[in-house]
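Taking the UniProt record's numbering, the leading residue of the first sequence gets 1, the next gets one more, and so forth.
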Amino acid sequence: MASERYNPRDTEPRWQKTWNENSVFVTDNNDPREKYYVLEMFPYPSGRVHMGHVRNYAMGDVVARYKRARGYNVLHPMGWDAFGMPAENAAMQNKVHPKDWTYQNIATMRNQLKSMGLSLDWSREFATCDVEYYHRQQHLFLDFLEKGLVYRKQSKVNWDPVDNTVLANEQVIDGRGWRSGALVEQRELTQWFFKITDFSQDLLDALDTLDQWPEKVRVMQKNWIGRSEGMTIRWEIAEGTAPAGSHEVTVYTTRPDTLFGASFLAIAADHPLAREAAAGNPDIEAFAEECRRAGTSVAALETAEKKGMDTGIRVKHPLDPAWELPVYIANFVLMDYGTGAIFGCPAGDQRDLDFARKYDLPVTPVVMPKDGDPASFKIGNEAYVDDGVMINSRFLDGMTTEAAFDAVAERLSTQLLGNQPQGERKVNFRLRDWGISRQRYWGCPIPVIHCDDCGVVAVPKKDLPVKLPDDVTFDKPGNPLDRHPTWRHVACPQCGKDARRETDTMDTFVDSSWYFARFTAPWENEPTSPEVANHWLPVDQYIGGIEHAILHLLYSRFFTRAMRETGHLDLKEPFKGLFTQGMVVHETYSRGEGTAREWIAPADIRIDEIDGQRRAVLLSTGEELKIGSIEKMSKSKKNVVDPDDIIAAYGADTARFFVLSDSPPDRDVIWSEAGVEGSHRFVQRVWRLISEAAEKLRKVKSKPAKEGEALPVSQAAHKALQAVQGDFDKLNFNKAVARIYEMVNAVAGPFGNVAAGKADEAYAAAVREAAEILILLIAPMTPHLAEECWAALGNEGLVAQASWPVFDAALVIDSEIVLPVQINGKKRAELTIARDADQNAVQQAVLALDAVQAALAGQTPKKIIVVPQRIVNIVV
RNA sequence: GCGGACGUGGCGAAAUUGGUAGACGCAAGAGACUUAAAAUCUCUCGGCCUUCGGCUGUACGGGUUCGACCCCCGUCGUCCGCACCA
């Protein structure tokens with residue numbers, strides 16, 4: 001009967017082997033049961049698994065194991081987001097080939113993940129840098145190209161002059177390259193773009209259908225897509241004022257209602273009209289150049305003064321040809337939003353007002369608050385930006401903002417300039433097309449060929465894959481594909497003449513935009529098997545970090561639509577349920593100050609508690625260290641805990657259980673040694689309770705009677721079952737943990753009774769059932785422990801393949817309940833009464849209570865409120 | 001500036017969405033077992049007071065309600081996202 005301590009180092013590899021040998025988690029696409037696809041964002045193979053991964057994959061694994069137990073055919077795959085710059089950086093720094101570096105990391109991390117006991121279908125594993133994967137990505141690219149979903153255009157890009165590559169916007173930090181630290185330049189380059197803007201409206205509208213997504217992510221995407229309703233308005237240029245004789249300029253506005261408040265036009269420095277004005281005017285040219293140079297850095301934008309320069313060009317007001325307005329080049333007007341030109345209404349826009357004050361332009365109030373007085377309404381240093389009533393606006397006077405918008409839209413769309421309407425309603429989006437060209441080696445080659453005669457020619461599908469060459473050098477900066485002696489030289493597929501391969505590769509976000517579809521049939525020759533993909537998709541539960549709220553999650557939504565148009569699948573939204581989990585954070589420890597500060601890893605310290613004061617002490621010397629703030633685990637602060645160390649010391653179950661405990665899953669969880677030990681105590685306690693009683697429980701033959709002495713045991717088990725089930729359904733892992741603790745506290749005594757031989761058959765039967773329920777409840781979180789306990793009870797089969805139990809409704813409802821009794825809203829007594837007692841019976845019983853009589857002191861209640869099965873409140 | 005989330009013991013948090021505030025865990029304290037330690041078990045644990053009872057308490061100030069952590073108005077604070085978007 002004496003039990004040994006539970007030893008995860010022995011049990012965990014053993015059960016992992018059993019699961020593996022029985023292919024327990026290999027998913028059959030033809031299984032007739034209802035499908036459930038659970039997916040965690042696949043990792044970048046950076047080198048080692050960190051605690052953030054552990055939390056992410058532990059959550060996904062709970063869902064997968066729980067849904068499997070509930071009878072679903074679960075798909076739970078894993079792969080590697082394996083292309084990207086870190087591999088090339090490693091190549092440059094450590095003289096290791098990106099491919100070797102990547103696959104070595106994958107091997108290490110795969111082993112780490114396997115040691116966690118995740119219920120993954122490893123047979124579907126792939127890395128995005130596998131030729132088999134990027135081959136199909138090239139296939140998709142060609143299909144997109146054919147459908148007009150990919151195009152090539154010249155555009156401004158962030159150019160890192162040290163690394164000699166284009167950087168994505170998110171790789172530019174404060175105007176500098178994130179790796180080189182060099183000031184980023186703007187360059188005009190010809191790049192490949194995905195036409196995500198084709199779907200702007202649909203991507204926006206469909207957000208409303210994603211009711212299992214966090215509100216926060218939907219709002220972020222909505223803002224990113226940035227829809228605005230307005231008008232384009234064409235302004236006629238006064239004769240002779242434009243140097244090269246341009247006739248008109250088109251502006252975009254969301255406030256056509258304020259047209260009579262216009263006092264100037266402002267255009268971007270890159271606007272064709274600006275170039276026209278700059279030609280032959282050195283002052284304007286110098287100013288335009290200054291505008292172009294500024295710009296990239298966020299800090300610069302924040303502090304940049306609003307500046308402009310009069311071009312000398314004059315335009316005629318669309319509703320009064322006699323009214324001429326100046327055209328300025330302004331540093332705050334963006335060429336790539338709207339039309340690159342605006343009209344300024346200083347009274348209705350703070351930025352326009354600042355500009356007008358600076359250049360002494362008229363400020364005419366055109367909108368005032370609904371109850372304002374037109375005679376006294378003035379604009380000082382603050383623009384009036386809200387809706388209201390029109391003033392000083394001729395035929396619009398007295399209208400609401402909204403009515404004035406419509407009136408102007410109506411007037412301008414019927415009024416002709418030349419033979420075109422002068423204005424048109426126009427919806428504008430902030431969303432830009434997705435530039436995917438990267439001057440990098442370690443990415444998916446863009447499968448096109450440049451021919452002097454034929455132009456850009458797609459690589460024929462029969463010639464795919466365009467493989468990355470292995471024999472490349474990283475001794476010089478820039479793209480090794482460019483300087484490869486042979487790779488880029490190829491015959492034109494159309495005319496056969498000498499031609500050149502595209503040497504740009506695809507942004508790694510392309511790789512992660514469709515991997516979830518590939519998992520459904522990774523063995524296919526085509527990118528997907530549409531039937532299979534349509535069966536499995538959408539992903540029922542997707543879990544990952546909030547940092548991908550926009551990029552990855554938006555790109556994937558676009559890809560799903562594009563793959564639909566090219567026949568690779570037939571749905572719009574790839575992720576039905578999305579959950580964004582919080583980070584794993586840890587205290588920081590350091591010594592020294594300022595630049596001399598040195599961070600110390602948690603593994604090298606010990607926490608002493610003296611007089612209630614926590615002190616961090618360096619293990620090697622006993623030196624006292626400074627305990628700093630709690631922050632995201634990071635290499636730079638050294639506040640990392642290696643999952644390998646934790647698994648070696650406590651086992652995977654403890655680590656899994658801990659990251660699911662305490663904090664709600666969408667919030668950060670604080671890693672602490674004490675907390676881990678608490679989880680480990682729980683693992684040991686469950687094992688002790690079950691193993692000590694196991695011998696007796698194995699002999700139980702009867703079913704639980706659900707009455708008498710054993711009733712509370714059955715009730716505790718079934719109540720926990722009901723509660724945990726609800727918590728798992730809602731991904732409330734921390735609450736599930738608490739309910740399981742509650743149950744264990746409730747049944748610990750009865751388990752002990754059985755172990756001590758103080759239990760009859762009926763009682764033991766109830767305990768046995770409780771033990772089985774407990775095992776099944778913990779199984780999604782601590783699967784190895786569950787198997788070990790299951791086997792100890794002598795049960796057949798694996799917990800991993802066992803069905804979720806069904807709770808007995810009669811056991812989760814108490815026949816007697818305790819009602820709090822309030823007098824004037826303050827609790828004065830408790831009443832124990834039958835659950836189904838009617839209102840009168842409750843009232844009488846309440847009034848009969850001594851405590852109530854004493855508190856009433858002879859007063860007659862005015863009112864007695866009885867909330868059935870909740871509370872009683874006596875009002876006097 | 002705009003948008004979003006949030007504020008509950010020493011700490012992480014719960015509260016069936018208007019019905020006993022603090023479940024559960026961590027930390028702390030006391031005790032049992034032990035030659036001793038570890039492990040384990042039992043008890044205490046928001047604050048205050050006259051302690052088998054009472055008062056008070058969910059950032060702060062009001063309000064609605066028989067009843068408010070929850071709803072409404074206002075104030076303060078924290079975190080996150082976006083930000084020259086015309």
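A virtual CB, placed ideally from N, CA and C, is assigned to each residue, including glycine.
- According to the DSSP assignment, D850 belongs to the alpha helix (DSSP H) that extends over D850 to L856.
- Annotation for L811: K706, S714, Q715 and H718 place their beta carbon closer than 7 Å to its own, counting only its chain and skipping 5 residues before and after.
- Secondary structure remark: continuous beta strand (DSSP E) runs of at least 3 residues inside the segment 299-339, in chain order: 308-317 and 320-330.
- Runs of the beta strand (DSSP E) spanning 3 or more residues and lying entirely within the UniProt domain "Aminoacyl-tRNA synthetase class Ia" (431-587) occur at 448-451, 455-458, 489-491, 498-501, 541-545 and 578-581, in chain order.
- For K153, the enclosing beta strand (DSSP E) begins and ends at V150 to D160.
- DSSP lists V389 as the bridge partner or partners of M368.
- Within 10 angstroms of the beta-carbon of S702 lie fewer than 16 other beta-carbons, which makes it exposed.
- Per DSSP, Q186 is one residue of the beta strand (DSSP E) stretching across E185 to F194.
- Look at the beta carbons and you see the segment 536-550 touching the segment 570-577: at least three pairs across the two are nearer than 8 Å.
- The alpha-carbon of K863 is positioned some 17 Å away from that of L819.
- Burial state of H568 is buried, judged by a 10 Å Cβ sphere holding 16 or more other Cβ atoms.
- Taking a C-beta distance under 8 Å as the contact criterion, P346 and V333 do not qualify as a contact pair.
- About 11 Å separates the beta carbon of I627 from that of H586, a gap too long to meet the 8 Å contact definition.
- Contact annotation: Y133 and W536 have beta-carbon atoms that are not nearer than 8 Å.
- Two segments are said to touch when three or more pairs of C-beta atoms, one from each, lie closer than 8 Å; by this definition the segment 366-384 touches the segment 351-358.
- Here the alpha carbons of I740 and F429 stand approximately 50 Å from one another.
- Taking a cut-off of 8 Å on C-beta distances, the segment 204-215 does not touch the segment 386-405, as fewer than three cross pairs fall below it.
- Of the residues assessed, R606 falls on the exposed side of the cut-off, its CB having fewer than 16 other CB atoms within 10 angstroms.
- In the structure shown, the three-state DSSP call for I874 is strand.
- Contact holds between the segment 770-781 and the segment 728-748, because three or more Cβ pairs, one in each stretch, are under 8 Å apart.
- With a 10 Å radius around the Cβ and a threshold of 16 neighbouring Cβ atoms, W323 comes out exposed.
- Taken through DSSP and simplified to helix, strand or coil, V812 comes out as helix.
- D608 has R615 as its beta-bridge partners, per DSSP.
- By the neighbour-count criterion, in which a residue is buried when 16 or more other Cβ atoms sit within 10 angstroms of its Cβ, T414 is exposed.
- Looking at A764, D645 and W235, the one whose alpha-carbon comes closest to that of Q422 is W235.
- Rounded to whole angstroms, the Cβ separation of M563 and W514 is 7 Å, and the two are in contact under 8 Å.
- Annotation note: the UniProt domain "Methionyl/Leucyl tRNA synthetase" (38-172) contains the following uninterrupted beta strand (DSSP E) runs of length 3 or greater, listed N- to C-terminal: 73-75, 150-160 and 165-167.
- K358: member of the alpha helix (DSSP H) spanning Q350 to Y359, first to last residue.
- In this structure, E424 lies near T232, with their beta-carbon atoms less than 8 Å apart.
- CA-to-CA, the gap between R667 and L183 works out to about 36 Å.
- Under DSSP, M231 shares a beta bridge with T253 and R425.
- Excluding the 5 residues flanking it on each side, K638 has same chain C-beta neighbours closer than 6 Å at W599 and A601, in chain order.
- P369 counts as exposed, since fewer than 16 other beta carbons sit within 10 angstroms of its beta carbon.
- Separation of the CB atoms of I237 and S246 is rounded to 6 Å, and the pair is thereby assigned contact status at 8 Å.
- Annotated as proximal: L431 and I196, with beta-carbon spacing under 8 Å.
- In the three-state reduction of the DSSP assignment, P820 falls in the strand class, which pools E and B.
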